[in-house]
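Per my numbering, numbering of the sequence shown is gapless, rising by one per residue and ending at 1927.
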Amino acid sequence: MAMPIDVSSLWEQVALGEDTDLELKEARFRGGRVSGPRRDDLADELAAFANARGGRLVLGVADDRSPQGLDPGQLDALANLVTEICSDSVKPALDFGVFRVPAPEPANGGALVVEIPESATVHRSPGGHFRRRGDKKRQMDSAEVRRLSQARGQSDVAATDTQVVRNTGIGSLRPALWRQYVSSRSDEPAEIALSKLKFLKEDRRGALRATVGGVLLAADDAREWLPNAWIQAVCYGGDRMDAGRQFDARDVTGPLDEQIREAVRFVVRNRRVAAYKDPARIDVPQFSERAVFEAVVNAVVHRDYAVSGSRIRLFMFDDRLELYSPGGLCNSMTTDDLRTSQFTRNELLASRLGQCPVGDVPGAGGRQYFIERRGEGIGVIQDETFALAGERPVFELIGERELKVVLPAARPPVSDGVAVRVVVRHGDTGQPLPGVDVLLLYPNNTYREARTDAFGRAEFVVYAKLPMSVFCAAAGFMAHVARDYQPGEPLEARLRPAPNGGSLVIADRTGHLPGIQGRLNPKLDALDRTYLYANNVAINDGRTQPVRFVLNEPVHLTDSQGARATLWFREMIGASCVFDYEYTA
């Protein structure tokens, strides 16, 4: 649909009638205002073209396909109506062009041609979701909308960050910003370098325009063309939005890499940091820097930049941090899939931020670039938040159009400490068991160790009232695991006898099983999968190490002297584990 329009060919096509790419409408006026076609009907027609392969709508054609011959004032009124509809009545807003074409002789005046390209996204108009089929618009059902959304989410035409931005050019991108993505040895002209980066692209008329990704990463302020490409950050006192208790606020603008840095710094600057002594000072920040960093990176990279009227919003409260990112989830994903599945709405942004140096920003975790290991960000957010706050973050999809992430705040430490007493007894007789190894695990996977005394007691003092895990193990007895133990509450463990074996705690990565000559090195990876290495010990009849194992299923060991044992791992958290064992002939 290249322009300028071939006027004679246009009117020849009008005379033939409507088809897949052409819709004709008669324009009606009352007192200088457009009275027909109806605003909502016109919005449905235009959205139907965008949801198909694009098309052309001609305003100013009578029912008999003859030109009406509209005067300049009428054309102005129609152009204003079309602009309002494409910007306000269709969500997300439509890309469009309007062109005034003269009517053929003997008619005077002209007609208004509206051109709609194939869209990068699926659009909803007042009547619902429509798509052009044949020479008519047809309403799509939910399954068709979902399939079209998936198809456009996977195709190049639908990649929002590679779409061109109107009224931009090479001058819209600042060399100091885009050159960080180019080899220092490159001597290519700017047009070629920017085209290779996909920061510059030809539009339908052949003019070089900046892409959405180019504007977001290499323009001083993308809001000139993308008004909602910024982050609103606000810190409130209390647990709700209250303008009277707004402690700090910032509109975070600029290139995306700088937006990430400034948003993370905003949180670090405004978070509270408590502390306790054990015996040295230990700080307890309100939010994990790593979790905040990953959450902001995810929001910036994966938001839907085609959604108009919505920006990223970051709100801090005493008990939580909320982060809102425009756009739903792709490819039928749910929030439950976020940790184990991967999607990238903006492949260009993800790729280029994988080349962009982080610089001095809290929470980067020693990485060199903003994105280094794809697919691990959600796991970091979940694990770091649980380690600090003892609660999991919440991911909520709001109306299929916005993802909300809630990071619970850490609880203030108990200044005087909390006494913890674990009492261990014989599972059959109820008698106290001395000499039992007790491991107390914090949510951040650090631990405290003790051994029960003559009265079967192991005692600790802790400074955080977070849910903890407790491992108990001893030779001759099966292991006991207590989960979500609240410090300060009584805890009693009863161990059942294990006549031909017992149980063992490995507190930190590696340990030795009496009677087996060699060391055991169990591992837990970021996807919660468990593996076992063993030094000078065969696992499961000599399988290649590391050997994958599953909790509560047997693992067979044989050392170099022929001694044999079977293990059942009961729990593994961080670098700590507890297992039962039995010696075999």
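Where is the CB? At the ideal position from N, CA and C, for every residue including glycine. Remember, predicted model here, so these are calculated numbers, not experimental data.
Indicate whether residue i and residue j have their beta-carbon atoms separated by less than 8 Å.
{"i": "Ile1654", "j": "Ile1602", "result": "no"}
{"i": "Leu1417", "j": "Leu1454", "result": "yes"}
{"i": "Leu1775", "j": "Thr1788", "result": "no"}
{"i": "Leu1869", "j": "Ile1881", "result": "no"}
{"i": "Gly1732", "j": "Leu1783", "result": "no"}
{"i": "Val1506", "j": "Thr1553", "result": "yes"}
{"i": "Ser1350", "j": "Asn1393", "result": "no"}
{"i": "Ala1449", "j": "Gly1411", "result": "yes"}
{"i": "Gly1467", "j": "Val1432", "result": "The residue you asked about is not Gly; residue 1467 is Ser in the sequence shown. Yes, these two residues count as a Cβ contact at 8 Å."}
{"i": "Leu1423", "j": "Val1376", "result": "yes"}
{"i": "Met1810", "j": "Pro1829", "result": "yes"}
{"i": "Arg1407", "j": "Val1487", "result": "no"}
{"i": "Val1638", "j": "Ala1591", "result": "no"}
{"i": "Asp1779", "j": "Ala1816", "result": "yes"}
{"i": "Val1760", "j": "Val1804", "result": "yes"}
{"i": "Gly1469", "j": "Asp1386", "result": "yes"}
{"i": "Ile1723", "j": "Pro1704", "result": "no"}
Can you tell me which residues form a DSSP beta bridge with residue i?
{"i": "Pro1699", "result": "Tyr1711"}
{"i": "Lys1538", "result": "DSSP, once it has assigned bridges, lists no residue as partnering Lys1538."}
{"i": "Asp1303", "result": "For residue 1303 there is no data in the structure shown, the boundaries of the chain being 1343 and 1927."}
{"i": "Ile1654", "result": "Ile1573"}
{"i": "His1822", "result": "Cys1814"}
{"i": "Gln1481", "result": "Phe1472"}
{"i": "Tyr1523", "result": "Tyr1523 is not bridged to any residue."}
{"i": "Lys1746", "result": "Tyr1666, Glu1738"}
{"i": "Phe1629", "result": "Answer is none; Phe1629 lacks a bridge partner."}
{"i": "Ser1467", "result": "Gly1470"}
{"i": "Pro1774", "result": "Arg1767"}
{"i": "Gly1884", "result": "Answer is none; Gly1884 lacks a bridge partner."}
Here's the rule: buried if 16 or more other CB atoms are within 10 angstroms of the residue's CB, otherwise exposed. What is residue i?
{"i": "Met1583", "result": "exposed"}
{"i": "Phe1589", "result": "exposed"}
{"i": "Phe1797", "result": "exposed"}
{"i": "Asp1498", "result": "Residue confidence is low: Asp1498 scores 41 on pLDDT, short of 50, so the model does not pin down where it sits. Its coordinate-derived value is still stated next. With fewer than 16 other Cβ atoms within 10 Å, it is exposed."}
{"i": "Pro1414", "result": "exposed"}
{"i": "Glu1726", "result": "buried"}
{"i": "Val1920", "result": "buried"}
{"i": "Val1615", "result": "exposed"}
{"i": "Ala1344", "result": "Any reading at Ala1344 is ruled out, since the residue's pLDDT is 43, under 50, leaving its predicted position unreliable."}
{"i": "Gln1496", "result": "Caution is warranted here: a pLDDT of 41 is assigned to Gln1496, below 50, making its placement in the model unreliable, and the coordinate value is therefore given only provisionally. Label assigned to Gln1496: exposed."}
{"i": "Pro1785", "result": "buried"}
{"i": "Lys1367", "result": "buried"}
{"i": "Asn1894", "result": "exposed"}
{"i": "Asn1878", "result": "exposed"}
{"i": "Thr1463", "result": "buried"}
{"i": "Ala1706", "result": "buried"}
{"i": "Ser1757", "result": "exposed"}
{"i": "His1471", "result": "buried"}
{"i": "Gly1476", "result": "exposed"}
{"i": "Asp1661", "result": "exposed"}
{"i": "Ser1528", "result": "exposed"}
{"i": "Ala1907", "result": "buried"}
What is the C-beta distance between residue i and residue j, in whole angstroms, given that I count them as a contact (C-beta under 8 Å)?
{"i": "Ala1692", "j": "Leu1665", "result": "Between Leu1665 and Ala1692 the Cβ distance is about 18 Å, and since that is not below 8 Å, they are no contact."}
{"i": "Phe1657", "j": "Tyr1578", "result": "7 Å"}
{"i": "Val1847", "j": "Phe1802", "result": "Not really, about 15 Å apart at Cβ, beyond 8 Å."}
{"i": "Gly1511", "j": "Asp1562", "result": "No, Gly1511 and Asp1562 are not in contact; Cβ-Cβ is about 15 Å, not under 8 Å."}
{"i": "Gly1374", "j": "Ala1419", "result": "7 Å"}
{"i": "Leu1745", "j": "Gly1669", "result": "7 Å"}
{"i": "Val1643", "j": "Arg1743", "result": "18 Å between Cβ atoms; not a contact."}
{"i": "Val1626", "j": "Pro1755", "result": "5 Å"}
{"i": "Ile1720", "j": "Leu1680", "result": "5 Å"}
{"i": "Gly1843", "j": "Glu1924", "result": "4 Å"}
{"i": "Glu1544", "j": "Leu1550", "result": "6 Å"}
Against chain D, with Cβ distances strictly below 8 Å, would residue i count as a contact?
{"i": "Glu1387", "result": "Of the chains in the structure shown, none is chain D; there is only one protein chain."}
Return the first residue and the last residue of the beta strand (DSSP E) that residue i is part of.
{"i": "Phe1921", "result": "1918-1926"}
{"i": "Thr1908", "result": "1906-1915"}
{"i": "Ile1848", "result": "1839-1848"}
{"i": "Gly1396", "result": "1396-1401"}
{"i": "Val1455", "result": "1452-1459"}
Output the boundary residues of the alpha helix (DSSP H) element that contains residue i.
{"i": "Gln1416", "result": "1414-1426"}
{"i": "Leu1388", "result": "1381-1393"}
{"i": "His1599", "result": "According to the sequence shown, residue 1599 is Asp rather than His. Unbroken alpha helix (DSSP H) run through Asp1599: 1598-1612."}
{"i": "Trp1520", "result": "1517-1520"}
{"i": "Ser1351", "result": "1349-1358"}
{"i": "Asp1581", "result": "Note, Asp1581: premise wrong, no alpha helix (DSSP H); not H, not E."}
{"i": "Asp1725", "result": "1719-1731"}
{"i": "Val1780", "result": "No alpha helix (DSSP H) holds Val1780; the beta strand (DSSP E) holding it covers 1779-1783."}
{"i": "Gly1556", "result": "1554-1560"}
Let me check you understand the geometry: is the CB of residue i closer than 7 Å to at least one non-hydrogen atom of the ligand MN?
{"i": "Val1455", "result": "Only the bare structure without any ligand can be found here, which leaves the ligand MN out of the picture."}
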